[in-house]
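Those sequence lines, one after another, are chains A and B. FYI, the UniProt record's numbering numbers position 147 of the first sequence as 147, with every residue one higher than the one before it. FYI, the UniProt record's numbering numbers position 17 of the second sequence as 17, with every residue one higher than the one before it. For every residue, glycine included, the Cβ atom is placed at its ideal position computed from N, Cα and C. Before any comments, here is the structure.
2 protein chains.
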Amino acid sequence: MKKDNHTKYAILGLLTTDCRSGYAIKQMCDRSLNHFWKISYGQIYPMLKQLVTDELATVRDTTQDDGPDKKEYFITAKGEAALQEWLQTPIDKIPAERNAVLLKLFFSRHQDADATIRQLEDYQQKLEERYSTYEVIEEMIASHMHNKQDAPYWLFTLDYGKRLTKAAIDWCTDTIDQINPGRDNDG
Amino acid sequence: MKKDNHTKYAILGLLTTDCRSGYAIKQMCDRSLNHFWKISYGQIYPMLKQLVTDELATVRDTTQDDGPDKKEYFITAKGEAALQEWLQTPIDKIPAERNAVLLKLFFSRHQDADATIRQLEDYQQKLEERYSTYEVIEEMIASHMHNKQDAPYWLFTLDYGKRLTKAAIDWCTDTIDQINPGRDNDG
DNA sequence: CGTACCATGTAAACAGTTACATGATTCA
DNA sequence: TGAATCATGTAACTGTTTACATGGTACG
């Protein structure tokens, strides 16, 4: 019985882009992977060591003229094979999103309709901010295009994020309406 | 700086339904809360003790004629107040869904289009099963209706699940099309 | 007598975040 | 000199899952 540990493969996969150091991987995560897979330094550095131990990557100390020393990691043939095997493996179960807003809504008979609506409006606003972020990232990927092979797949993941966020925004609108149908929009 | 610990309030909230024992709470979770907040026994029993310690609930040993002994928990006035305060608190950040399918898709230039499509088809099928599950739960809530005050809110959360699942299913269809536009549907 | 269900709990492992510590280089 | 950025790393903590352990009752 093997463990999945998707984060391991996330980091391994990022080594196939231009990211070679833990710092560069973290930056790429924050830019492009963040909306479906967050990774912290507390995972990255120990995992890079682990990848070397498992012979899925090699490491090289590098001195830079224009910056501090760093370690550069390179995926090995064994690493490429492991990545491809992981890619082909179907996921065992679809993830259950943990949503605190839904949890609160579930128990919202214990509070005023107004308070519930405030909660949903706050959620909707945050969703709209998220949607905007996705659009920015989308443009970044489309304009950068440094790696034309990766770009279409990266855009698919963005499209997913945008669609589901849009669906959530619409749900907010409709649910607010249902909780308080006679409510005006102005103060 | 207080901790959120939403699971604490999930359990506290469930005490306001007909659930009084750890076992009953677990059952209710699996039936109605599962699609946005899973809770395991490993959390429930220690947390129920904690609630009593925090004076948010009281406990009573009960012997049943038609079953084994059990402990019954009751929310206190302090518990009700804590629940309502938590309900009113806006969430600090919207949760980032961790999606292994998107993670694999992100790196899918490393495999054949066919393998990627298989992955997406598998995901789509699981999503459709999930959608069906939501419909079953929806009917259960609508037919049971033991608590008419809770029912509308519970149905809102189901509606959310259905809408987002539907959006994901549609995305699968469109993405599969884009990866391999000239592909036939028959073998 | 066995199976299913009701019922309570813990220990260990695992995943992930946060806070901290360190230090180099660049630029204003 | 100080701030921003580049760069690496760990320790402690929190949350959650899984596996295990126990035992009662009901029903066929």
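Does the ligand MG have a heavy atom nearer than 7 Å to the CB of Val59/B?
The ligand MG is not part of this structure, which contains no ligands at all.
Under 8 Å between C-beta atoms of Glu138/A and Leu158/A:
In the first sequence, the residue the question calls residue 138/A occupies position 138. In the first sequence, the residue the question calls residue 158/A occupies position 158. In contact: Glu138/A and Leu158/A (Cβ atoms closer than 8 Å).
Counting only Cβ pairs nearer than 7 Å, list the residues of chain B close to Arg98/A.
Counting from 1 along the first sequence, the entry for residue 98/A is found at position 98. Those within 7 Å of Arg98/A in chain B are Phe36, Trp37, Pro95.
Short CB-CB distance (under 8 Å) between His144/A and chain B
Taking the first sequence and counting its residues from 1, one reaches residue 144/A at position 144. Output row for His144/A: interface = no.
Name the residues in the stretch 63-89 of chain B whose C-beta lies less than 8 Å from a C-beta of chain A; which are they?
Cβ contacts with chain A: Glu80, Leu83, Gln84, Trp86, Leu87, Gln88.
Endpoints, alpha helix (DSSP H) assigned at Thr165/B:
In the second sequence, counting from the first residue as 1, residue 165/B sits at position 165. Note, Thr165/B: alpha helix (DSSP H), 151-179.
Would you verify that the beta carbon of Arg163/A is, or is not, closer than 8 Å to some beta carbon of chain B?
Sequence index remark: in the first sequence, residue 163/A carries index 163 (1-based). Cβ-Cβ to chain B under 8 Å: yes for Arg163/A.
Output, in chain order, the set of chain B residues within a Cβ distance shorter than 7 Å of Leu103/A.
Locating residue 103/A in the first sequence gives position 103, counting from the first residue. In chain order, His6, Ala10, Phe36, Trp37 make up the part of chain B whose C-beta sits under 7 Å from the C-beta of Leu103/A.
Chain A contact residues for Lys126/B, given Cβ-Cβ distances below 7 Å:
Along the second sequence, read from residue 1 onward, the residue named residue 126/B stands at position 126. Ordered by position in chain A, the residues that pass the 7 Å Cβ test against Lys126/B are Ile94.
Counting only Cβ-Cβ distances shorter than 7 Å, please list the residues of the stretch 107-118 of chain A near chain B, keeping chain order.
Phe107, Ser108, Arg109, His110, Gln111, Ala115
Would Leu33/B count as contacting chain A if we go by Cβ distances under 8 Å?
Locating residue 33/B in the second sequence gives position 33, counting from the first residue. Output row for Leu33/B: interface = yes.
Contacts that Ala24/B makes with chain A (C-beta to C-beta distance below 7 Å):
Your numbering for residue 24/B matches position 24 in the second sequence. Within 7 Å Cβ-Cβ: nothing; Ala24/B doesn't reach chain A, min ~16 Å.
Residues that Ile137/A contacts on chain B, provided the C-beta gap is smaller than 9 Å:
What you label residue 137/A is simply residue 137 of the first sequence in a count that begins at 1. Those do not exist, as Ile137/A stays about 12 Å from chain B at its closest Cβ, beyond 9 Å.
Is the beta carbon of Tyr41/A sitting closer than 8 Å to the one on Lys26/A?
Stepping through the first sequence from its first residue, residue 41/A is reached at position 41. Stepping through the first sequence from its first residue, residue 26/A is reached at position 26. Yes.
Below 8 Å between beta carbons: does that hold for Ala113/A and Asn180/A?
Against the first sequence, residue 113/A aligns to sequence position 113. Against the first sequence, residue 180/A aligns to sequence position 180. Taking 8 Å as the Cβ cut-off, Ala113/A and Asn180/A qualify as a contacting pair.
Expressed to the nearest angstrom, what Euclidean distance is found between the alpha-carbon atoms of Met1/B and Cys172/B?
Reading the second sequence from its first residue, position 1 is the one you call residue 1/B. Reading the second sequence from its first residue, position 172 is the one you call residue 172/B. Note on Met1/B: pLDDT 38, under 50, position unreliable in the model; no value is reported.
Relative to the alpha-carbon of Leu83/B, which residue among Leu12/A, Lys104/A, Asn147/A, Glu80/A has its alpha-carbon at the smallest distance?
Residue mapping note: residue 83/B aligns to position 83 of the second sequence, counting from 1. The option with the nearest alpha carbon to Leu83/B is Lys104/A.
I'd like to know if Arg20/B contacts chain A, where contact means its C-beta is closer than 8 Å to some C-beta of that chain.
Here residue 20/B is taken as the residue at index 20 of the second sequence, counted from 1. Not closer than 8 Å to any Cβ of chain A, the Cβ of Arg20/B fails to qualify, so no.
Exposed or buried, what is Gly67/B when buried is set at 16 or more other beta-carbons lying within 10 Å of its beta-carbon?
In the second sequence, counting from the first residue as 1, residue 67/B sits at position 67. When all chains shown are included, Gly67/B counts as exposed.
Beta-ladder partner(s) of Gly67/A, from DSSP
For the purposes of this step, residue 67/A is identified with residue 67 of the first sequence, where counting begins at 1. DSSP, once it has assigned bridges, lists Gln64/A as partnering Gly67/A.
Helix, strand or coil: how does DSSP classify Thr116/B here?
Taking the second sequence and counting its residues from 1, the one referred to as residue 116/B is at position 116. Note: Thr116/B maps to helix in three-state DSSP.
List, in order along the chain, the chain B residues whose C-beta lies closer than 7 Å to that of Ala167/A?
The count along the first sequence starts at 1 and reaches residue 167/A at position 167. Within chain B, the residues near Ala167/A are Arg163, Leu164, Ala167.
Cβ pair Asp33/A, Ile75/A closer than 8 Å:
For this step, residue 33/A is matched to residue 33 along the first sequence. For this step, residue 75/A is matched to residue 75 along the first sequence. Going by the sequence as given, residue 33/A is Leu instead of Asp. Not in contact: Leu33/A and Ile75/A (Cβ atoms no closer than 8 Å).
Three-state secondary structure (DSSP) at Glu72/A?
Taking the first sequence and counting its residues from 1, the one referred to as residue 72/A is at position 72. Strand at Glu72/A.
Can you pull the chain B neighbours of Thr133/A, defined as C-beta to C-beta under 7 Å?
In the first sequence, residue 133/A corresponds to position 133, counting from 1. Chain B residues near Thr133/A: none, gap ~11 Å exceeds 7 Å.
Please list the residues of the stretch 145-160 of chain A that have a C-beta atom closer than 7 Å to any C-beta atom in chain B, keeping them in chain order.
Gln149, Asp150, Tyr153, Trp154, Phe156, Thr157, Asp159, Tyr160
DSSP has Val136/B in a bridge; who is on the other side?
One-based indexing of the second sequence puts residue 136/B at position 136. Its beta-bridge partners do not exist; DSSP assigns none.
Please state whether DSSP places Ala96/B in a helix, a strand or coil.
The sequence position of residue 96/B within the second sequence is 96, counting from 1. The answer is coil: DSSP assigns Ala96/B none of H, G, I, E or B.
Going by DSSP, what residue range makes up the alpha helix (DSSP H) through Leu15/A?
On the first sequence, position 15 is the one that residue 15/A refers to. Here Leu15/A belongs to no alpha helix (DSSP H), and DSSP marks it neither H nor E.
Consider the Cβ of Gly13/B: report whether some Cβ of chain A lies at a distance smaller than 8 Å.
Taking the second sequence and counting its residues from 1, one reaches residue 13/B at position 13. With 8 Å as the cut-off, Gly13/B counts as an interface residue toward chain A.
If you run the structure through DSSP and keep just helix, strand and coil, what is Thr89/B?
For this step, residue 89/B is matched to residue 89 along the second sequence. Looking at Thr89/B - three-state DSSP - the assignment turns out to be coil, as it is neither helix nor strand.
Inter-residue spacing [alpha-carbon to alpha-carbon] between Tyr123/A and Arg31/A:
Translated into the one-based positions of the first sequence, residue 123/A becomes position 123. Translated into the one-based positions of the first sequence, residue 31/A becomes position 31. If I take the Cα positions, the gap works out to 23 Å.
Assuming Leu120/A and Tyr160/B form a contact by the criterion Cβ under 8 Å, report the distance between their Cβ atoms to the nearest whole angstrom.
Here residue 120/A corresponds to residue number 120 of the first sequence, with the count starting at 1. Here residue 160/B corresponds to residue number 160 of the second sequence, with the count starting at 1. In fact, because the Cβ distance is near 11 Å, the residues do not count as touching under 8 Å.
Name the DSSP bridge partner or partners of Ala57/B?
Position 57 of the second sequence, counting from 1, holds the residue named residue 57/B. Paired residue(s): Ile75/B.
Do we get a CB-CB distance below 8 Å when we pair Trp171/A with the residues of chain B?
Translated into positions along the first sequence, residue 171/A becomes position 171. Chain B, which has a Cβ nearer than 8 Å to the Cβ of Trp171/A, makes this yes.
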